[in-house]
Amino acid sequence: MADELINYKLQLQQVEAALTNSPDDPELMKLKTDLEEVIELTAELVRTQTQPKKEIVQTKKESSYQPDILPSVAKTKGEWKSGDRCLAQLADDGKFYEGTIETIDGEAVAVLIDGQKAAAVTTLDFIKDLP
Numbered sequence: 001m002a003d004e005l006i007n008y009k010l011q012l013q014q015v016e017a018a019l020t021n022s023p024d025d026p027e028l029m030k031l032k033t034d035l036e037e038v039i040e041l042t043a044e045l046v047r048t049q050t051q052p053k054k055e056i057v058q059t060k061k062e063s064s065y066q067p068d069i070l071p072s073v074a075k076t077k078g079e080w081k082s083g084d085r086c087l088a089q090l091a092d093d094g095k096f097y098e099g100t101i102e103t104i105d106g107e108a109v110a111v112l113i114d115g116q117k118a119a120a121v122t123t124l125d126f127i128k129d130l131p
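Under the UniProt record's numbering, the sequence shown has 100 at position 100, and the numbering climbs by one with no breaks.
Right under this line is the structure:
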């Protein structure tokens, strides 16, 4: 799924480049619209697949606890950028892997896992700083 999302984004860049030469080409305009929709739907699918699927059972005492602050060493969602090194949790096995952020699109993050050829797509909720 991650490979497909990256491929769609590359195709969109190619179509946008072609539109600079032929801005009124109806086929290119339709293709651009279709690719944008496919990218949005694929990113949504990736987000839903990376959501944790565990039941949360809380007692009354536990549910009243609300931490006041997050650890100060952790990056916030807005601080991540392309090129940052991180630990990314993958949906297929739930483990964290070291990698480098390639792109960020909304909540979706493409991370090139060390030793892998293709980027994996996860969300900002499932990446964290290296120890």
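Glycine included, C-beta positions come from ideal geometry on N, C-alpha and C. Here the structure is a predicted model, which means the values were calculated and not measured.
Mapping the DSSP letters down to three states, classify residue i as helix, strand or coil.
| i | result |
| --- | --- |
| Ala108 | strand |
| Gly78 | helix |
| Lys117 | coil |
| Gln66 | With a pLDDT of 41 at Gln66, under the threshold of 50, the modelled position of that residue is not reliable, and no figure is offered here. |
DSSP puts residue i in a beta bridge; with which residues?
| i | result |
| --- | --- |
| Phe96 | Gln89 |
| Lys30 | Note: Lys30 sits in no beta bridge, so no partner. |
| Ile127 | Ala88 |
| Ile6 | The partner list for Ile6 (beta bridge, DSSP) is empty, contrary to what the question assumes. |
| Ile101 | Val111 |
Taking 9 Å as the threshold (C-beta atoms), are residue j and residue i in contact?
| i | j | result |
| --- | --- | --- |
| Leu12 | Lys32 | yes |
| Val46 | Val121 | yes |
| Thr48 | Tyr8 | no |
| Ile39 | Asp125 | no |
| Lys81 | Ile101 | yes |
| Asp3 | Ala119 | yes |
Buried or exposed: residue i, going by 16 or more other Cβ atoms within 10 Å of its Cβ?
| i | result |
| --- | --- |
| Gln14 | exposed |
| Gln89 | buried |
| Thr76 | exposed |
| Lys17 | Strictly speaking, residue 17 in this sequence is Ala, with Lys absent from that position. Answer is exposed; the Cβ neighbour count stays below 16. |
| Leu5 | buried |
| Leu35 | buried |
| Gly99 | buried |
For my contact list, residue i and residue j are in at a C-beta cut-off of 8 Å; report their separation, rounded to the angstrom.
| i | j | result |
| --- | --- | --- |
| Leu19 | Leu28 | 5 Å |
| Cys86 | Ile113 | In fact, because the Cβ distance is near 10 Å, the residues do not count as touching under 8 Å. |
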